[in-house]
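Structure first, commentary second.
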């Protein structure tokens, strides 16, 4: 189905849960006039421990929902869905589609001077080798290190980001980086930007952090400009949807977005 | 179906994942001649975020598996399944059935002198109010405090139990207990016994810890003795089954059991 794109249409952004809200925050900064529809598939969170087939099935339902809302672009603000479902969604849907892996890989590959890059992520992201494969795909000459940091998401979701305990956990995971000449650190999980102070505290000052929200935001902005789809008139806003209403959602969402959510709709996808 | 119980038959023990291995460890100590079949339903871990209907469905499949193995008793070594599925399983199955909530409640109610008891558990266990309801059911006159400690399971599964970070996390959750006259602490999650050193380090010396594995072990031993089902001749062993083979399973399982696992079979339940 050919979609007619309109500069006034909203942009769809989805994640399995809350993490993608950090992407919304970055996108709002880069594209202040755009309106967004955020969908957190909280009934099926986390995607990381589900099969590829299942993640693709969920992602398709979300794309159908966004298409019904006439979105002019869709951002997959979830590392698992980005690495597992992007290719199939790209083939099936006509809507301009953006993932969070490729933009960070391109950006890191562009800025690294020592040609040594580290990626941190959840167990499932690191085990999927999604970042490694993408560096290979772009024929990067960088040497890549990966570190799984499975405690960061639970610590963030407990509301303990950037506390003394968070600093100690980040130090345990990342202190070895300081003995290398890695100069670029990809935060390969949309949650991790919440923890950026703790991470910054424990890594060498010369190591630059790469955030998914910012890198996909730049790609999206470039695309909208090139295709005259930038919304110049509106004052942007976000409509929030979830598929289940978890405890503490509001409280955590505020922490992720640095703003109060006006309203969240709970919907069932078919 | 009436089951013929035999003292030489094994005892079935199940959990959604690894936590129930701490129950196995306690049962082996209390009942050294018994043989056990352990099933970790790792394909469906965790049960805590699933609906009651789903948890009951999974538990029934596991009970059917145990019945096919001719078990003489079954221990539900999972807090969620204990609180959600016990009553229905008890009604449907003839095999003697033991949960991990009631034995700890009975034991704590028996030993508390100040009549003030605290329960710690995962978010889902605390939100379910399973322990509170059980204290009401036995008409206990104790006053009950509950503290959700959602980071303990991820810290244990990361292999960081009883480290400096684990001590700090336990202190953050539990330091307020020391200002009360609570004298009994129920570890309402089968994982938590792994963290007992950290917990002990931060609570007052007069607070006694109650472990699911030990309390259900005593109830099981009493039952087997009363019904002449104690295995007096065999040297006990455990057969391990999982429904999916997660990374790090062996490594974690050794940490939970303090012994090497001879072999683990991965099975699909119908």
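Residue numbers (our numbering), protein chains in the order written: chain B, 7 to 276; chain G, 7 to 276.
C-beta atoms are modelled at their ideal positions from N, C-alpha and C, and glycine is treated no differently.
This one's a predicted model, so the numbers in the text were calculated from it and none came from an experiment.
Look at the alpha carbon of residue i and the alpha carbon of residue j, and state the distance between them as a whole number of angstroms.
i: residue 213 of chain B; j: residue 204 of chain B; result: 14 Å
i: residue 71 of chain B; j: residue 119 of chain B; result: 42 Å
i: residue 46 of chain B; j: residue 273 of chain B; result: 10 Å
i: residue 194 of chain G; j: residue 135 of chain B; result: 36 Å
i: residue 90 of chain G; j: residue 50 of chain B; result: 21 Å
i: residue 106 of chain B; j: residue 146 of chain G; result: 54 Å
i: residue 58 of chain B; j: residue 126 of chain G; result: 35 Å
i: residue 220 of chain B; j: residue 34 of chain B; result: 10 Å
i: residue 40 of chain B; j: residue 231 of chain B; result: 12 Å
i: residue 150 of chain B; j: residue 190 of chain B; result: 10 Å
i: residue 263 of chain B; j: residue 162 of chain B; result: 13 Å
i: residue 218 of chain B; j: residue 83 of chain B; result: 8 Å
i: residue 225 of chain G; j: residue 23 of chain G; result: 23 Å
i: residue 142 of chain G; j: residue 182 of chain G; result: 24 Å
i: residue 60 of chain G; j: residue 155 of chain G; result: 24 Å
i: residue 169 of chain G; j: residue 268 of chain G; result: 28 Å
i: residue 240 of chain B; j: residue 256 of chain G; result: 56 Å
i: residue 88 of chain G; j: residue 21 of chain G; result: 10 Å
i: residue 121 of chain B; j: residue 187 of chain B; result: 9 Å
i: residue 11 of chain B; j: residue 69 of chain B; result: 15 Å
i: residue 153 of chain B; j: residue 124 of chain B; result: 7 Å
i: residue 17 of chain G; j: residue 104 of chain G; result: 11 Å
i: residue 19 of chain G; j: residue 248 of chain B; result: 37 Å
i: residue 266 of chain B; j: residue 260 of chain B; result: 5 Å
i: residue 216 of chain G; j: residue 177 of chain G; result: 18 Å
i: residue 32 of chain B; j: residue 128 of chain B; result: 21 Å
i: residue 109 of chain B; j: residue 132 of chain B; result: 17 Å
i: residue 223 of chain G; j: residue 114 of chain G; result: 15 Å
i: residue 55 of chain B; j: residue 130 of chain B; result: 7 Å
i: residue 211 of chain B; j: residue 202 of chain G; result: 38 Å
i: residue 166 of chain B; j: residue 198 of chain B; result: 12 Å
i: residue 208 of chain G; j: residue 179 of chain G; result: 10 Å
i: residue 76 of chain G; j: residue 42 of chain G; result: 11 Å
i: residue 200 of chain G; j: residue 157 of chain G; result: 13 Å
i: residue 36 of chain G; j: residue 15 of chain G; result: 17 Å
i: residue 184 of chain G; j: residue 67 of chain G; result: 43 Å
Since residue i meets chain B, which of its residues come closer than 7 Å, beta carbon to beta carbon?
i: residue 144 of chain G; result: None at all; the shortest Cβ gap to chain B is about 28 Å.
What residue range is occupied by the uninterrupted alpha helix (DSSP H) comprising residue i?
i: residue 244 of chain B; result: Taken as a continuous stretch (DSSP letters only), residue 244 of chain B belongs to no alpha helix (DSSP H), being part of the beta strand (DSSP E) at 244-248.
i: residue 179 of chain G; result: 170-180
i: residue 70 of chain G; result: 58-74
i: residue 29 of chain G; result: 27-36
i: residue 45 of chain B; result: Counting along the chain, residue 45 of chain B falls outside any alpha helix (DSSP H), though it belongs to the beta strand (DSSP E) covering 42-46.
Which chain G residues sit within Cβ distance under 8 Å of residue i?
i: residue 101 of chain B; result: Here the premise fails: no neighbours, minimum Cβ distance about 31 Å.
i: residue 161 of chain B; result: 157
Listing by chain order, which chain G residues have their CB less than 7 Å from the CB of residue i?
i: residue 164 of chain B; result: 156 and 157
Along chain C, which residues have their Cβ under 8 Å away from the Cβ of residue i?
i: residue 174 of chain G; result: Protein chains in the displayed structure are B and G, and chain C is not among them.
Taking residue i as the query, report the chain B residues whose CB atoms sit under 9 Å from its CB, ordered along the chain.
i: residue 178 of chain G; result: 166, 169 and 171
In terms of residues, what are the limits of the beta strand (DSSP E) holding residue i?
i: residue 125 of chain B; result: 122-127
i: residue 271 of chain G; result: 270-272
i: residue 259 of chain G; result: Per DSSP, residue 259 of chain G belongs to no beta strand (DSSP E); it is in the alpha helix (DSSP H), 255-263.
i: residue 21 of chain G; result: 17-21
i: residue 51 of chain G; result: Where residue 51 of chain G is concerned, there is no enclosing beta strand (DSSP E), given that its DSSP letter is neither H nor E.
i: residue 188 of chain G; result: Element bounds for residue 188 of chain G: n/a, residue is neither H nor E.
i: residue 83 of chain G; result: Element bounds for residue 83 of chain G: n/a, residue is neither H nor E.
State the CB to CB distance for the pair residue i and residue j, rounded to an integer number of angstroms; the pair is presumed to be in contact (CB under 8 Å).
i: residue 53 of chain G; j: residue 86 of chain G; result: 4 Å
i: residue 13 of chain G; j: residue 236 of chain G; result: 6 Å
i: residue 81 of chain B; j: residue 159 of chain B; result: The Cβ separation is near 20 Å, so there is no contact.
i: residue 112 of chain B; j: residue 144 of chain B; result: 7 Å
i: residue 65 of chain G; j: residue 27 of chain G; result: That belief does not hold up - the Cβ atoms of residue 65 of chain G and residue 27 of chain G are roughly 18 Å apart, past 8 Å.
i: residue 229 of chain G; j: residue 192 of chain G; result: No, residue 229 of chain G and residue 192 of chain G are not in contact; Cβ-Cβ is about 21 Å, not under 8 Å.
i: residue 275 of chain G; j: residue 171 of chain B; result: Actually they do not touch by this definition, with Cβ atoms about 39 Å apart.
i: residue 140 of chain G; j: residue 25 of chain G; result: With a Cβ gap of about 19 Å, residue 140 of chain G and residue 25 of chain G do not count as contacting.
**Request:** Identify every run of the beta strand (DSSP E) within the region 191-250 of chain B, keeping only runs that are complete inside it and at least 3 residues long; order them along the chain.
**Result:** 214-217 and 244-248
**Prompt:** Mind pulling the beta strand (DSSP E) runs of 3 or more residues that sit fully within the region 87-161 of chain G?
**Reply:** 103-105, 122-127 and 149-154
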